[in-house]
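In the UniProt record's numbering, the protein residues as written are 1 to 349.
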Amino acid sequence: MIFHKILINWYLGNKRDLPWRKTSDPYRIWLSEIMLQQTRIEQGLPYYLSFTTSFPTVFDLANASQDEVLKLWQGLGYYSRARNLHETSKVVAYELDGKFPDNYKDLLKLKGIGDYTASAVASICYNEAAPVVDGNVYRVLARYFDIETPINSSAGQKEFKALATELMDKEDPATYNQANMEFGALQCKPQNPLCESCPLSNSCLALKNNKIAMLPVKLKKAKVKKRYFNYLVFLSEENETILEQRIGKGIWEGLYQFPLMESTSLIDAEALLAEPGLFPEGGEYNLKVSLYNDTPIIHKLSHQHIYTRFWIVENAELNTNTIPLSKIQEYPVPVLIANFISEFELDEY
DNA sequence: AAAGCGGGGGA
DNA sequence: TCCCCAGCTTT
């Protein structure tokens with residue numbers, strides 16, 4: 001039997017029941033594909049449900065504010081996805097009359113849509129013969145054909161894309177693409193793949209050559225960087241604090257946080273107070289600065305570890321960016337900040 | 001070609 | 001710990 005026939009046959013008998021598999025609405029397919037980039041289905045699913053509830057159509061999403069979109073995205077990570085999602089929703093709603101492009105080439109022009117997502121939407125919604133090559137497909141093909149080309153090299157991307165194009169079922173691209181991914185996720189798993197029950201085991205070259213655990217090959221990534229964050233949690237007598245929006249190119253762009261002083265190592269209160277511009281000048285302020293957590297909270301991300309200490313600043317007279325403490329939950333914040341807010345006991349101050 | 005970007009789950 | 005997850009954008 002042909003490769004794609006086996007995959008599709010397996011898929012029809014093993015696929016999970018997922019909400020985006022009950023529709024071919026390009027808005028919902030696009031939404032699901034963006035959310036699932038570098039994200040496990042179990043993690044993305046609740047976000048998909050809340051987004052489709054809050055924003056049933058692309059117009060609802062386009063008419064929302066960025067803060068609303070980021071708040072709903074909070075915790076899912078890679079926030080540029082949310083910003084691009086919002087921007088693209090406006091293009092589709094206002095410039096394209098609410099209609100998504102109906103082909104790979106035009107989908108690719110939209111912000112946040114790359115090769116994978118354009119192929120996924122084009123094939124699933126419009127049955128275009130565009131092969132998807134995600135992490136699952138890389139693994140399935142690398143193993144089945146015993147290919148050692150690193151999947152995250154440009155040569156590898158080209159090679160696997162070409163191979164996927166050859167293998168695709170041109171009659172049913174939508175089912176083939178999803179079958180390939182689902183097969184990688186459930187059967188040809190990264191660890192402990194289910195080779196004993198695999199419908200492709202007879203012809204799998206990695207299994208034959210005893211190289212299942214070695215494939216796919218991936219170039220190793222840069223080392224994790226350490227950073228030191230000092231957050232200033234201002235508390236005024238009017239029960240207000242300060243939140244600032246992160247601007248610029250770095251991590252958490254667009255999200256809110258307490259005023260931040262980043263240092264090159266752990267610092268004490270003396271060094272913090274000596275920092276120019278951090279606190280109001282003049283002696284009329286009777287500031288009380290206390291360290292909330294002596295042991296830094298280590299917020300671990302893929303590419304950096306953030307050693308974080310929170311400083312409580314009482315008796316502050318606040319001028320800019322002040323918000324009532326009661327409204328703090330309304331702002332989109334990094335998980336690091338959200339965790340602090342939920343455990344912080346205001347009563348002690 | 002390489003780096004930057006989140007957070008969570010599994011081994 | 002390390003690796004991976006329905007990747008994309010910028011440098």
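The beta carbon of each residue, even a glycine, is placed where N, CA and C say it ideally should be.
In three-state terms, what does DSSP make of residue i?
{"i": "L266", "result": "coil"}
{"i": "W252", "result": "coil"}
{"i": "S123", "result": "helix"}
{"i": "P216", "result": "coil"}
{"i": "K226", "result": "strand"}
{"i": "H303", "result": "coil"}
{"i": "I298", "result": "strand"}
{"i": "T149", "result": "coil"}
{"i": "D67", "result": "helix"}
{"i": "T175", "result": "helix"}
{"i": "K189", "result": "coil"}
{"i": "Q329", "result": "helix"}
{"i": "G112", "result": "coil"}
{"i": "M1", "result": "coil"}
{"i": "S54", "result": "helix"}
{"i": "F344", "result": "coil"}
{"i": "Q74", "result": "coil"}
{"i": "K158", "result": "helix"}
{"i": "C195", "result": "helix"}
{"i": "V133", "result": "coil"}
{"i": "R16", "result": "coil"}
{"i": "E182", "result": "helix"}
{"i": "D25", "result": "coil"}
{"i": "L272", "result": "helix"}
{"i": "G277", "result": "coil"}
{"i": "Y349", "result": "coil"}
{"i": "S201", "result": "coil"}
{"i": "D60", "result": "helix"}
{"i": "P46", "result": "helix"}
Would you list the one or two residues that DSSP bridges to residue i?
{"i": "Q257", "result": "E244"}
{"i": "I312", "result": "V233 and S290"}
{"i": "K322", "result": "For clarity, residue 322 is Thr in the given sequence; the question names Lys instead. DSSP, once it has assigned bridges, lists I242 as partnering T322."}
Could you tell me the alpha carbon to alpha carbon distance between residue i and residue j, rounded to whole angstroms?
{"i": "E166", "j": "P332", "result": "44 Å"}
{"i": "L72", "j": "Y47", "result": "7 Å"}
{"i": "M181", "j": "K300", "result": "28 Å"}
{"i": "T241", "j": "A269", "result": "20 Å"}
{"i": "V132", "j": "A162", "result": "11 Å"}
{"i": "L85", "j": "P334", "result": "18 Å"}
{"i": "L107", "j": "E196", "result": "40 Å"}
{"i": "V92", "j": "F59", "result": "8 Å"}
{"i": "K218", "j": "K225", "result": "21 Å"}
{"i": "L10", "j": "T23", "result": "Just to set this straight, residue 10 is Trp in the shown sequence, not Leu. The alpha-carbon atoms of W10 and T23 are separated by roughly 21 Å."}
{"i": "V289", "j": "I312", "result": "6 Å"}
{"i": "M214", "j": "N152", "result": "15 Å"}
{"i": "L260", "j": "A64", "result": "28 Å"}
{"i": "residue 350", "j": "S123", "result": "One cannot answer for residue 350 here, as it falls past the ends of the chain, which runs 1 to 349."}
{"i": "L7", "j": "K189", "result": "15 Å"}
{"i": "L186", "j": "Q66", "result": "35 Å"}
{"i": "L61", "j": "L255", "result": "18 Å"}
{"i": "R310", "j": "Y231", "result": "The question names Arg, but residue 310 is Phe in the sequence shown. Roughly 5 Å separates the two Cα atoms."}
{"i": "C198", "j": "E42", "result": "24 Å"}
{"i": "I251", "j": "G114", "result": "21 Å"}
{"i": "Q74", "j": "E253", "result": "12 Å"}
{"i": "R83", "j": "L70", "result": "8 Å"}
{"i": "L272", "j": "L266", "result": "10 Å"}
{"i": "A206", "j": "W30", "result": "34 Å"}
{"i": "R227", "j": "E33", "result": "32 Å"}
Buried or exposed: which applies to residue i, given that a residue is buried once 16 or more other Cβ atoms fall within 10 Å of its Cβ?
{"i": "P173", "result": "buried"}
{"i": "E330", "result": "exposed"}
{"i": "R139", "result": "buried"}
{"i": "Q304", "result": "exposed"}
{"i": "I247", "result": "exposed"}
{"i": "Y94", "result": "exposed"}
{"i": "Y27", "result": "buried"}
{"i": "T175", "result": "buried"}
{"i": "R16", "result": "exposed"}
{"i": "L291", "result": "exposed"}
{"i": "P276", "result": "exposed"}
{"i": "S89", "result": "buried"}
{"i": "A118", "result": "buried"}
{"i": "T320", "result": "exposed"}
{"i": "A155", "result": "exposed"}
{"i": "M1", "result": "exposed"}
{"i": "T295", "result": "exposed"}
{"i": "E237", "result": "exposed"}
Along the chain, which unbroken stretches of the beta strand (DSSP E) at least 3 residues long are found entirely within the stretch 82-108? none
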